[in-house]
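Step one of this worksheet: look at the structure below.
2 protein chains.
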Amino acid sequence: MSLSKNKLKYIRSLKDKKFRTEYGTFVAEGNKMVTDLLPYLKCQLLIATADFLSETDISDIDEVIEVSPSHLGQASFLQNPQQVLAVFYQSKPENSVDIDNLLSLALDGIQDPGNLGTIVRLADWYGIRHIFCSHDTADIYNPKVVQATMGALARISVHYVDLPDFLSGKKHLPIYGTLLDGKNMYEQEITPNGIIVMGNEGNGIRPQVERLITRKLYIPNYPVGNPTSESLNVAIATAIVCAEFRRRSL
Amino acid sequence: MSLSKNKLKYIRSLKDKKFRTEYGTFVAEGNKMVTDLLPYLKCQLLIATADFLSETDISDIDEVIEVSPSHLGQASFLQNPQQVLAVFYQSKPENSVDIDNLLSLALDGIQDPGNLGTIVRLADWYGIRHIFCSHDTADIYNPKVVQATMGALARISVHYVDLPDFLSGKKHLPIYGTLLDGKNMYEQEITPNGIIVMGNEGNGIRPQVERLITRKLYIPNYPVGNPTSESLNVAIATAIVCAEFRRRSL
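Those protein sequence lines, which keep their order, are chains A and B. Mapping the first sequence onto the numbering used here, position 81 (from 1) lands on 82, and the numbers just tick up by one. Mapping the second sequence onto the numbering used here, position 1 (from 1) lands on 2, and the numbers just tick up by one.
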């Protein structure tokens with residue numbers, strides 16, 4: 002079976018945040034990705050080859066279309082389309098969650114979809130359940146973000162908030178941030194709970210957010226004082242900080 | 002002044018590894034990137050706006066062409082061209098280097114240019130001077146790799162080698178690798194020198210390379226045993242491992 006023009010138009014429209022929000026859906030592609038998401042998220046539309054369908058439980062999916070690999074290519078956002086493309090319903094995170102005993106992340110204007118997706122994936126690795134993003138952070142349902150999460154998306158709640166406002170309401174928690182004038186993180190007291198703030202790729206953390214950080218951290222380079230890159234990629238820095246928090250809680 | 006067709010053709014040819022190798026040159030773009038590389042690498046051709054040129058020492062550059070921003074856009078590989086594009090001569094790393102007292106990286110088939118560039122950048126942060134890549138690892142002078150290194154490129158020697166062959170000659174050094182059946186890296190003895198092997202994004206480390214690893218490491222997730230992503234992005238894993246090696250040597 003081939004895809005109708007309307008279906009193709011609908012899928013392509015989901016590249017655009019405006020339409021993703023209007024329909025409350027998003028696209029995920031690839032055998033592993035879709036297989037990983039299916040147990041967690043309700044699927045509206047599954048477009049797949051016969052091979053994929055023969056191995057997948059499709060009983061709970063609104064609509065299933067079997068296509069040839071070449072027809073799948075027409076709909077795909079990827080350069081190398083795989084055997085399956087799925088449209089899932091977005092999951093809306095609860096409005097108020099109790100994070101007092103958890104370690105959470107706050108992202109202040111992360112722009113690059115690959116960085117956001119990679120951060121979601123590593124948050125999943127480190128058992129971080131909630132990520133609070135400023136409104137200008139990349140959209141979690143952007144197809145490039147979805148692909149970079151490698152399926153971790155389904156296990157993480159991503160909340161879009163007014164970040165200064167949100168952090169102002171969390172003053173009873175330790176609020177960490179990596180800043181060039183921070184304290185060597187290996188010498189700083191670390192708690193098993195709290196919020197770690199990470200900033201924009203080029204500009205770092207905004208002043209109105211920085212003001213709310215109570216524990217500034219610095220990732221030392223090696224050897225200390227050596228001429229080096231001015232900074233680390235934000236996903237890399239997030240990983241190093243999260244790994245250190247979790248190491249000390251092991 | 003505008004760019005001749007021949008110049009444009011030359012620059013565009015440098016997207017292609019074949020031509021980069023033939024000419025021994027590569028392209029870097031952006032004010033900060035080019036400014037960072039100029040002190041380290043010989044520049045063959047600099048194409049820049051008057052603004053950039055007025056602030057830059059161009060005495061040692063083979064050829065300088067002043068252009069309007071729109072002419073720069075014609076030559077650029079970027080979606081948002083900046084004020085400058087430069088063609089640099091590739092630096093050839095020395096054939097034999099003594100790494101016995103150093104911590105080095107070996108990359109077994111890293112495919113994604115962004116991952117390779119990010120690894121070079123973090124290697125710079127952690128004072129790792131040599132990276133040994135299997136021949137099928139992405140090309141360090143691929144424009145996307147160059148951009149992701151954020152200038153660190155000039156301070157790191159990247160060697161393309163037959164990796165099993167190379168590692169066989171380093172049996173007197175500890176050879177580390179992250180593997181799913183490795184030992185929790187926080188419980189493993191770590192040395193200030195040696196080689197850390199990282200594998201391909203999808204397939205990990207090849208069996209013929211794995212055979213040469215004497216100390217297998219595992220990055221524990223948190224909480225241990227929690228359902229999580231199957232793996233971390235390779236640049237993320239490299240960062241977490243390098244940070245831990247350097248933390249213990251601080």
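Backbone N, C-alpha and C define an ideal beta-carbon position, used for all residues, glycine too.
C-beta neighbour in chain B for residue i, strict 8 Å
i                : result
alanine 29/A     : no
serine 158/A     : no
arginine 122/A   : yes
glycine 229/A    : The amino acid occupying residue 229/A in the given sequence is threonine; glycine does not appear at that position. Output row for threonine 229/A: interface = yes.
arginine 216/A   : no
leucine 233/A    : yes
asparagine 222/A : yes
glycine 115/A    : yes
alanine 107/A    : no
threonine 57/A   : no
threonine 119/A  : yes
leucine 38/A     : no
Beta-carbon gap between residue i and residue j smaller than 8 Å
i                  : j                : result
threonine 192/B    : leucine 218/B    : no
valine 68/B        : leucine 47/B     : no
arginine 247/B     : tyrosine 142/B   : no
isoleucine 237/A   : isoleucine 111/B : no
valine 210/A       : leucine 168/A    : yes
phenylalanine 27/A : glutamine 83/A   : no
tyrosine 187/A     : leucine 104/B    : no
asparagine 234/A   : threonine 57/B   : no
alanine 149/A      : glycine 115/A    : yes
alanine 107/A      : leucine 39/A     : no
Of the listed residues the options, nearest to residue i (C-alpha basis)
i               : options                             : result
aspartate 125/B : Asn201/B, Asn96/B, Ile157/B         : Ile157/B
leucine 123/A   : Lys8/B, Ser230/B, Leu15/B           : Ser230/B
aspartate 101/A : Leu15/A, Ser3/A, Glu211/A, Ile196/A : Ile196/A
histidine 181/A : Ser232/A, Leu4/A, Ile214/A, Leu73/A : Histidine is not the amino acid found at residue 181/A; the sequence shown has leucine there. Looking at the Cα atoms, Ser232/A is the closest of the given residues.
threonine 50/A  : His72/A, Asp37/A, Leu164/A          : His72/A
proline 70/B    : Ser3/B, Ile12/B, Tyr187/B           : Ser3/B
isoleucine 99/B : Leu174/B, Lys18/B, Asp63/B          : The sequence given here places aspartate at residue 99/B; isoleucine does not occur at that position. That would be Leu174/B, whose Cα lies nearest to the Cα of aspartate 99/B.
Min CB distance residue i to chain A below 8 Å
i                : result
alanine 244/B    : yes
aspartate 101/B  : no
asparagine 201/B : no
alanine 87/B     : no
serine 60/B      : no
methionine 151/B : yes
threonine 26/B   : no
alanine 240/B    : yes
aspartate 125/B  : yes
isoleucine 196/B : no
isoleucine 237/B : yes
glycine 338/B    : Here chain B has residues from 2 to 251 only, and residue 338/B is not among them.
Rounded separation between residue i and residue j - CA only
i                  : j                  : result
serine 97/A        : arginine 207/A     : 24 Å
alanine 139/A      : threonine 239/A    : 16 Å
alanine 29/B       : glutamate 202/A    : 19 Å
methionine 199/A   : valine 147/A       : 20 Å
aspartate 166/B    : phenylalanine 53/A : 40 Å
glycine 128/A      : asparagine 222/B   : 8 Å
methionine 151/B   : valine 121/B       : 9 Å
alanine 155/A      : lysine 171/B       : 43 Å
glutamate 190/A    : asparagine 7/A     : 57 Å
valine 85/B        : aspartate 109/B    : 34 Å
glycine 183/B      : tyrosine 177/B     : 10 Å
lysine 43/A        : leucine 213/B      : 45 Å
alanine 244/A      : asparagine 204/A   : 24 Å
glutamine 80/A     : aspartate 63/A     : 27 Å
tyrosine 41/A      : lysine 33/A        : 14 Å
proline 14/A       : serine 55/B        : The question names proline, but residue 14/A in the sequence shown is serine. If you take the alpha carbons of serine 14/A and serine 55/B, they lie about 45 Å apart.
phenylalanine 89/B : cysteine 134/B     : 21 Å
isoleucine 59/B    : tyrosine 11/B      : 21 Å
glutamate 23/A     : aspartate 113/A    : 23 Å
Contact set for residue i: own chain, Cβ-Cβ below 8 Å, skip 5 residues either direction
i              : result
aspartate 9/B  : At residue 9/B the sequence reads leucine, which differs from the aspartate that was named. Closer than 8 Å at the Cβ level, and outside the excluded window around leucine 9/B, lie Gln75, Ala76.
proline 94/B   : His131, Ser158, Val159, His160
aspartate 61/A : Lys43, Cys44
serine 5/B     : none
lysine 18/A    : Asp140, Tyr142, Asn143
Cβ shell of residue i (< 7 Å), same chain only, five flanking positions each side left out
i                : result
lysine 16/B      : Phe78, Pro144
asparagine 194/B : Asp101, Asn102, Leu103, Leu104, Leu174
arginine 249/A   : Ile191
6 Å Cβ shell around residue i - same chain, five flanking residues per side excluded
i                : result
isoleucine 241/B : Ile220
histidine 136/A  : Tyr161
asparagine 185/B : Tyr219, Pro221
aspartate 37/B   : Gly152
asparagine 227/A : none
glycine 31/B     : Gln83
Contacts that residue i makes with chain D (C-beta to C-beta distance below 7 Å)
i              : result
arginine 248/A : The chain labelled as chain D is not found among the protein chains of the depicted structure, namely A and B.
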